[in-house]
Amino acid sequence: MEHEKNENGLLYGASVTYEYEGNLYINMTNQCPNRCDFCLRQNSSGSLYTNNLWYQGGEPTREEIWGQLQKRELNRYMEIVFCGYGEPACRWDDMMWLCDKIKADGSHFIRINTNGLANLLTGRSAALELDGRVDAVSVSLNASTPEGYDRLCHSRFGLQALPAILRFTATAVLNVPHVRMTVVSTMPKAEQEACRQLAESVGADLHVREYISD
């Protein structure tokens, strides 16, 4: 099968990298252990920021992703961000390999946007591996209790999910210069405050991000 490739970063029918507000984003995977009610991927295969983020017929290898990054002038970007339609921690080892490649290329600022479930996905304390590789981590919190998280995010890990997210974040705080947790703006104010207290209990800041509906 011939996969679509061009100078715009299309590979396997999707954008591997895309630019937004001065940052370069890396679309690692379609995979995610959650089915969050508010997630854009529930409604569309496109994006507000690029043509398409949904891989078809497979996902790029880490070498193919690195090949796409080498076509960019990485020094142009304020941050290089692992994000996309899926959860980048589903390809944790590939992401760490890419972080090493990026850091070897220059003093680039690397951020990971994640649901914080890397410990359960990898079976180890994954946040320990961020030391020296990653400059910032943004963890989706989205609920202040395990039951609330399960109702909203429908994680395959059930009630184990939120405690694992908090453990991951607490370790990340000790290994990464900038760590924050996030909630969506549609959350009730009382729940936002409960999430703020929870984030602060593990040493992270809380950021309220605008809800994107399409």
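Taking the working numbering, I'd label the letters of the sequence shown as residues 785 to 998.
Just so you know, even glycine gets a beta-carbon here, dropped at the ideal spot from N, CA and C.
- Item | Straight-line Cα distance separating residue 861 from residue 802 | Distance between the alpha carbons of residue 802 and residue 861: 11 Å.
- Message: Assuming residue 811 is part of the alpha helix (DSSP H), what are its boundary residues?
- Response: No alpha helix (DSSP H) holds residue 811; the beta strand (DSSP E) holding it covers 807-811.
- For residue 889, does the three-state DSSP call read helix, strand or coil? Looking at residue 889 - three-state DSSP - the assignment turns out to be helix.
- Task: Assign residue 862 to one of three DSSP states: helix, strand, or coil.
- Result: Residue 862: coil per DSSP, three-state reduction.
- Item | Min CB distance residue 949 to chain B below 8 Å | Structure shown: chain B not included; a single protein chain is present.
- Task: Classify residue 897 as helix, strand or coil using the three-state DSSP reduction.
- Result: Note: residue 897 maps to strand in three-state DSSP.
- Message: For residue 966, report the span of its beta strand (DSSP E) as first-last.
- Response: Its beta strand (DSSP E) spans residues 962-968.
- What first and last residue would you give for the alpha helix (DSSP H) that runs through residue 802? No alpha helix (DSSP H) contains residue 802, which is instead part of the beta strand (DSSP E) from 801-804.
- Can the beta-carbon of residue 990 be found less than 8 Å from the beta-carbon of residue 967? For the pair residue 990 and residue 967, the CB atoms are nearer than the 8 Å cut-off.
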